[in-house]
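Taking it in order: structure first as structure tokens, then the write-up.
Right, here's the structure in full:
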């Protein structure tokens, strides 16, 4: 479904809730072992009472799933995905403005002097530009690419969440290849359309690369503007999997307040791993390089997002432990990453935030 159609339909809470209730049923079918079949009756009654106090009738599938992955005693505070996307995210963020602010081609304008992967070529609204936004003809854009010998990354500049259509573009002696198949600029335009970006391959911190060397592994940080302050609410380290070049369907592991990883990683499909399934590297005891710098980095960047009170940042760490912005997500931010690893999304702020959303 096209992103703008999805956002339009999400304006109707009934549609959004039904969509995510179907999702949890599918997850239970795929991985029944990752879910508690039922919670203690007193706990289930408490969950229903808690959400009823905000005028919400909940089904317990999401709470049972989260409880099956965590020992958190405040099970009632977990945020079901259907409720989050139908009500909470929309209360914080202006959906109708999201595409423009999430455009990777505009990051340099929106966040002056921000560190991002080095850009070679932009396509914006059907026109080509260089890194400095100087207009290029199609012929000059083609010449610019053909002058490269090596690997580049090409991806949509709008809506490339979960690694969608992120590909390695290899150029050798003026010839293009993606996914080991010959291509050319015309074919790339047909595939990616009016908006995409071509960047040099990012060199990540070697310690983070040890988990999964063939992908750029990123820190996902969820930030919230609350009571006039930008807060880092939850973070996970998103690690690639299956030797892919991006971290889609990867392994997220929660990050503690001191930058250490949790002892195990839980995927958004409710699967638990003690070590990375490809490399066998253990999560326990690993301290994420540059994690504190990444927290300060995204808090500073979020100040520029005045129409969005919540944001999810994908931050890569370079060999010198400096944070680099890969992507900011402003809609459909995937809260499962956080709740299956770190407990209820809003923690001790849950009561206050739900009162703001439902009782304001």
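In the numbering used here, the protein residues as written are 126 to 485.
Ideal placement from N, C-alpha and C gives every residue a C-beta, glycine not left out.
Remember, predicted model here, so these are calculated numbers, not experimental data.
Across the structure, residue 428 and residue 455 are spaced so that their CA atoms are roughly 14 Å apart.
Out of 251, 451, 328 and 439, the CA that lies nearest to the CA of residue 459 is found in 439. Taking 8 Å as the cut-off, the beta carbon of residue 180 is found closer than this to the beta carbon of residue 483. Under the three-state reduction of DSSP output, residue 477 falls in the helix class.
Under the three-state reduction of DSSP output, residue 249 falls in the strand class.
Just so you know, the alpha carbons of residue 247 and residue 262 end up roughly 12 Å apart. Between residue 217 and residue 359, the beta carbon gap of about 15 Å keeps them out of contact (Cβ cut-off 8 Å). Our two residues, residue 290 and residue 353, have alpha carbons roughly 37 Å apart in a direct line. Listed in chain order, the non-local C-beta contacts of residue 199 below 7 Å within the same chain comprise 469, local neighbours out to five positions each way being set aside. The region 159-170 and the region 410-426 do not touch, with fewer than three beta-carbon pairs separated by less than 8 Å.
In the DSSP secondary-structure assignment, residue 438 is bridged to 346 and 453. DSSP places residue 334 inside the alpha helix (DSSP H), whose first and last residues are 331-334. DSSP lists 295 and 307 as the bridge partner or partners of residue 302. Contact between residue 355 and residue 424 holds: CB atoms are separated by about 4 Å, below the 8 Å threshold. In the three-state reduction of the DSSP assignment, residue 203 falls in the coil class, being assigned neither a helical nor a strand state.
Between residue 375 and residue 387, the CB-CB gap reaches or exceeds 8 Å. Sixteen is the threshold: since fewer than 16 other Cβ atoms of the shown chains lie within 10 Å of the Cβ of residue 259, the residue is exposed. Pairing residue 396 with residue 159 gives a Cβ-Cβ distance under 8 Å.
At a Cβ-Cβ threshold of 8 Å, residue 350 and residue 437 do not count as neighbours. Residue 227 has its alpha-carbon roughly 13 Å from the corresponding atom of residue 280. Residue 396 carries a coil assignment under DSSP once its states are collapsed to helix, strand and coil. Residue pairing by DSSP places residue 354 opposite 351 in a beta bridge. The beta carbons of residue 337 and residue 366 sit closer together than 8 Å. Taking the Cα positions, residue 224 is about 13 Å away from residue 235. Taking 8 Å as the cut-off, the beta carbon of residue 301 is found closer than this to the beta carbon of residue 309. For residue 464, no beta strand (DSSP E) encloses it; the enclosing alpha helix (DSSP H) starts and ends at 461-467. Around the CB of residue 328, fewer than 16 other CB atoms lie within 10 Å, so the residue is classed as exposed.
In this structure, residue 296 and residue 273 form a Cβ contact; the two beta carbons are roughly 5 Å apart against a cut-off of 8 Å.
Of the candidates 443, 481, 461 and 472, 443 places its Cα closest to the Cα of residue 240. Separation of residue 299 and residue 317 (C-alpha to C-alpha, rounded to the nearest whole angstrom) is 20 Å. A buried status is given to residue 242, since no fewer than 16 other beta-carbon atoms sit within 10 Å of its beta-carbon.
Here residue 324 is buried. Its C-beta has 16 or more other C-beta atoms within 10 Å. It is roughly 19 Å from the alpha-carbon of residue 231 to the alpha-carbon of residue 326. Rounded to the nearest whole angstrom, the C-alpha separation of residue 150 and residue 472 is 25 Å. In the DSSP assignment, residue 363 forms a beta bridge with 343 and 377.
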